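Residue numbering for the sequence shown follows the numbering used here, starting at 1211 and increasing by one per position.
Note that beta-carbon positions come from the ideal geometry of N, C-alpha and C, so glycine has one too.
If you're wondering where the values come from, they're calculated on a predicted model, not measured in any experiment.
These notes concern the structure reproduced below.
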Amino acid sequence: MSHTTLRKVTVRLVPFLGLLYFVNYLDRVNIGFAGPNGMKSALGLSETAFGFASGIFFLGYLVLEVPSNLALHRFGARRWIARILVTWGVIASAMAFVPNGTTLIVLRFLLGVAEAGFFPGILLYLTYWFPQRHRARIVALFMTAVPISTALGATLSSLLLQWGDGVFGLSGWRFMFLVEGIPSLVLAVVTWFYLTDSPEKATWLEPAERQWLAAELAAEDEQRSAEEHWTLRKALTHPRILGLALVYGGIVYGLYALGFFLPTIINGFQQQYGTHYSVIQRGLINAVPYVIGAVVMVWWSRHGDRTGERVWHVALPALVGGLAIPVTLYLGNPFSAMVAVTVCAVGVLAALPTFWALPSTFLSGAAAAGGIALINSIGNISGFAAPYVTGWLKDWTGTQKAGLWVVGACMVGSAIGALAMRRGIRERVG
1211 MSHTTLRKVT VRLVPFLGLL YFVNYLDRVN IGFAGPNGMK SALGLSETAF
1261 GFASGIFFLG YLVLEVPSNL ALHRFGARRW IARILVTWGV IASAMAFVPN
1311 GTTLIVLRFL LGVAEAGFFP GILLYLTYWF PQRHRARIVA LFMTAVPIST
1361 ALGATLSSLL LQWGDGVFGL SGWRFMFLVE GIPSLVLAVV TWFYLTDSPE
1411 KATWLEPAER QWLAAELAAE DEQRSAEEHW TLRKALTHPR ILGLALVYGG
1461 IVYGLYALGF FLPTIINGFQ QQYGTHYSVI QRGLINAVPY VIGAVVMVWW
1511 SRHGDRTGER VWHVALPALV GGLAIPVTLY LGNPFSAMVA VTVCAVGVLA
1561 ALPTFWALPS TFLSGAAAAG GIALINSIGN ISGFAAPYVT GWLKDWTGTQ
1611 KAGLWVVGAC MVGSAIGALA MRRGIRERVG
């Protein structure tokens, strides 16, 4: 019963949610491809201004993250996620028509406001369907959308940049923004009719399967409440939540520093190493770390679920990735530099799914909605800081080296922070 039911739920929900996240992540990081392919010169953006425009998305995210997740908990995932898809699709496509840097910054901020609650909302939604012992693996399958969107998205964005130049009178980067904003509008309609808010409403499950899954999840909630009762207020104020947010922030710093500046770093290989790559070749090179990272991420999360250990499954990859990335630009050829970048990307991606299995070990209901959103909201301050600080350090020093040292320090700090919290979390995992 349990195996059949969970397989049905996985097949029904995870690929579709992964598709939504694929589009979501592509629309938030495609500015990284637009920047070195005409946008910065067309809008007169310095590296610092480009980093600010990339990162201000996360300030919009920060403003509405918790209220959005509470709204999802109250109104249901189907309605709320469809609403998010519509608003971000309109704004993402509107970026094709920005006349200057100021308008770009405003639209990036509004894009963050529009997307607020999507990622933590999906994480919350998964807790409605999957028992704790399966969540790291399920979150990893869902989050493969990140490396896939970066890998396939790099190639797709590169093709749109190259082939779309001149279509509708738009430059390639403008055409890319226009096209990549449309899928979320289509998927909003599909979401409205496809998603189911809870197991009790899942007509695509047999009655006995619905009953078993609902009972299993209810029993977990009761056990958590018996061990330690978490109210919404407690979840929004407890030091453990703040600690998890800081750990997450260090990992996210690495994720978005790579996401926004890896295309620029690869472009810089041409001057640094005397090589030349076409737009398509640069997109394919950008994809390599994320393809490898996707494979390792799924394997590592399965290992964490199988062993029941969580904290080291976050700390170890963060530590390895953090130690690898600062050496990237000190290496003598593009191949060895990309090996170091790949190790960092693997570390980031391997740490993320198991990290998100931690909050749901002690949070449920409205407390989970608020706590998960708060962790994501505070942690994503790094999404603003990473591209801005990386760009500012590039303008100040003339190289990417200082920025990558900061990336490494943040990820190592996350590893240390996770281990420091082990005592408080240990009794709730496994």
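query: Segments assigned alpha helix (DSSP H), at least 4 residues, entirely inside the segment 1340 to 1410; result: 1345 to 1353, 1355 to 1373, 1382 to 1404
query: Whole runs of the beta strand (DSSP E) within the segment 1509 to 1549, excluding any shorter than 3 residues; result: none
query: Rounded separation between residue 1526 and residue 1625 - CA only; result: 7 Å
query: Given residue 1648 as reference, the closest of 1424, 1485, 1369 once Cα atoms are compared; result: Residue 1648 lies beyond the range of the chain shown here (1211 to 1640); nothing can be said about it.
query: Three-state class that DSSP yields for residue 1491 in the structure shown; result: helix
query: Residue 1354 and residue 1219 closer than 8 Å at C-beta; result: no
query: Integer Cβ distance of residue 1568 from residue 1520, believed to fall under 8 Å; result: 6 Å
query: Straight-line Cα distance separating residue 1431 from residue 1590; result: 28 Å
query: Distance, residue 1486 Cα to residue 1404 Cα; result: 46 Å
query: Exposure label - residue 1540; buried when at least 16 CB within 10 Å; result: exposed
query: Coil, strand or helix - residue 1240 by DSSP; result: coil
query: Alpha-carbon spacing of residue 1344 relative to residue 1260, whole angstroms; result: 40 Å
query: Candidates 1603, 1272, 1298, 1332: closest to residue 1237 by CA position; result: 1298
query: Coarse secondary structure for residue 1310, derived from DSSP in three states; result: coil
query: Distance between beta carbons of residue 1362 and residue 1578, contact taken as under 8 Å; result: Contact flag wrong, Cβ pair sits at about 31 Å.
query: Residue-level contact to chain D via CB, residue 1556, 8 Å cutoff; result: Included in the structure is just one protein chain, with no chain D present.
query: Within 8 Å, strictly: CB atoms of residue 1580 and residue 1280; result: yes
query: Same chain, Cβ closer than 6 Å to residue 1640, neighbours up to 5 away in sequence not counted; result: Here residue 1640 scores only 39 on pLDDT, less than 50, and its place in the model should not be relied on; the value that follows carries that caveat. Same-chain partners within the cutoff: 1518.
query: For residue 1476, three-class secondary structure by DSSP; result: helix
query: Contact set for residue 1249: own chain, Cβ-Cβ below 6 Å, skip 5 residues either direction; result: 1383
query: Within 8 Å, strictly: CB atoms of residue 1558 and residue 1476; result: no
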